[in-house]
Structure formats: C-alpha cells, structure tokens
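See below for the structure under consideration.
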Amino acid sequence: MPDLLSPQEWQALALSLKVAFWATVISLPFGILTAWALARRRFWGHGLLNGLVHLPLILPPVVTGYLLLLTFGRKGPVGAWLESWFGIVLAFRWTGAVLAAAVMAFPLMVRAIRLAFEAVDPKLEQAAGTLGAPPPWVFLTVTLPLILPGLIAGAILCFAKAMGEFGATITFVAAIPGQTQTLPSAIYAFLQVPGGDASALRLVVVSVAVALGALALSEWLAQRVAARIGGRIGGRDA
1 MPDLLSPQEW QALALSLKVA FWATVISLPF GILTAWALAR RRFWGHGLLN
51 GLVHLPLILP PVVTGYLLLL TFGRKGPVGA WLESWFGIVL AFRWTGAVLA
101 AAVMAFPLMV RAIRLAFEAV DPKLEQAAGT LGAPPPWVFL TVTLPLILPG
151 LIAGAILCFA KAMGEFGATI TFVAAIPGQT QTLPSAIYAF LQVPGGDASA
201 LRLVVVSVAV ALGALALSEW LAQRVAARIG GRIGGRDA
C-alpha cells in the first residue's frame, strides 16, 4: 500500500484530510447557529447575512483567498492582532489552509442545515415548550434529532468541499510541500513539471475516491438516522 504513492503524495493526502477535518469541526457550531438564524428568525440584516454566507460561492476563489490574506495576513488587521496577542499566524501555515477551506465550504454546510431546520414543524418545538422544557433542552431533545440527517449531510459536504479547495488556499497559504501543499495544489504542481503526469493522475484518482466515499457515507448516515427517527416517531404514535 505505501508503494502506491510517493512520500510527497502521502504528505499531500494526509494534510488534505487534516485540513478538511478541522475545517468541518470548526465550521459546524457556526454553521448550526447561522442556519438556525436564517431559517427561524427574521431580523434587520437577514438578507445581508444570507448574502455574506453565500458570497464565497459567487466570488472567484482567488479573490476570497486574497481577502483572507489582507485580513488575516501578518500585516492584516485581524492577523496582526492574533500574532501580537496570541502568537497565532495563519498566512502560509496549515492553519490558514483550514481557515480558507472552512470559508469556501461554509455555504454548503449552512444550506444543508438550513433546509433541515425549515423541514421541522415549529409546532413540535412549541409543544415541548408548553410542557415546561427550556429552549436549550427543546433544541437538544426535539430539534437536533430531527435535523440530524441534514446536519450530517452538511458536515460531510463541507468535508468534501474542503478536500478539494484550491484557489483560496493557494492564494492565502501558497503550496509549500509538507506544510501547506494539499491534494489540489499538489496535482497542480505535478502538472507543471515534466514527468509529473503519473503522480498527478494518482492524486486525481485518490481525490475522486475520497469525494465519492464522503458522499456515499453522507447518504448512508442520513438514511440510517432518518429511519431511526421515523421508527421512534412511529413507535410513539402507536
């Protein structure tokens, strides 16, 4: 198995999995909160928030990466503050790749979770509230189980998108082998050198396999969770 990929290719794959995992974990609580606000609340700036969430899908990825560099680079307002107060540097670090991947994948996560929120009948939550359950308990025991299929789908879509992120990542953190070179940037680098086609093709196959595996896992988990929730509801109705 180790002979299938070179050490540099394994490094790119391992870093991509690491970046995608942390991008998903960090995005998830913000994604749930944002999706809940967009689905259940009407407030001044609702349309603006919705537009900002989906902006990375509209802007060229290179533009998003450049904006991240201006904001979170060492000379940027947020980046300079993070470095001076906490010693955190994001630009040209793998942690910056996590941020870029999270920003680009965030709209897909929010969209999936928002649809799940909108599919839940608010009367179910209201009924739990009238029985004396506090809002956090209603969310944990009623809302969260019902949106779980959408939450799983959003998380795995975020992971798959983060695995394939290229434009914003290479603009914000470059493609330093062993440090910030993820699968897409490694494929691009191999295509720029003579004789690199074979390595690029191997990484393309790996990328496709990971993406298809993530989507298949998303469908399987969503179906299992939906069937379990349906069984519980059916048991209560009986």
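Per UniProt numbering, the sequence shown starts with residue 1, numbered consecutively.
Cβ atoms here follow ideal geometry from the backbone N, Cα and C, with glycine treated the same way.
Length of the line joining the Cα atoms of residue 146 and residue 177: 43 Å
Sub-8 Å separation of residue 165 and residue 100 beta-carbons: yes
Backbone secondary structure at residue 206 - three-state DSSP: helix
Residue 171 - DSSP class collapsed to helix/strand/coil: helix
Spatial distance of residue 16 from residue 91 (CA atoms): 17 Å
Counted within 10 angstroms of its Cβ, other Cβ atoms place residue 106 as buried (16 or more) or exposed: buried
Burial state of residue 41, where buried means 16 or more other Cβ atoms lie within 10 Å: exposed
7 Å Cβ shell around residue 210 - same chain, five flanking residues per side excluded: 163
Inter-stretch contact at 8 Å, needing at least 3 Cβ pairs: the stretch 126-138 / the stretch 33-53: no
Residue 75 classed as buried or exposed, judged by whether at least 16 other C-beta atoms fall within 10 angstroms: exposed
Three-pair Cβ contact test at 8 Å for the stretch 180-200 versus the stretch 57-76: no
Own chain, CB closer than 6 Å to residue 181, minus 5 neighbours either side, in chain order: 12 and 175
Meets three-Cβ-pair contact criterion under 8 Å: the stretch 112-124 and the stretch 142-158: yes
C-beta atoms of residue 102 and residue 173 nearer than 8 Å: no
Beta carbon of residue 159 nearer than 8 Å to that of residue 20: yes
Those runs of the alpha helix (DSSP H) which lie wholly inside the stretch 12-79 and span at least 4 residues: 46-58 and 61-72
Residue 90, DSSP secondary structure in three states: coil
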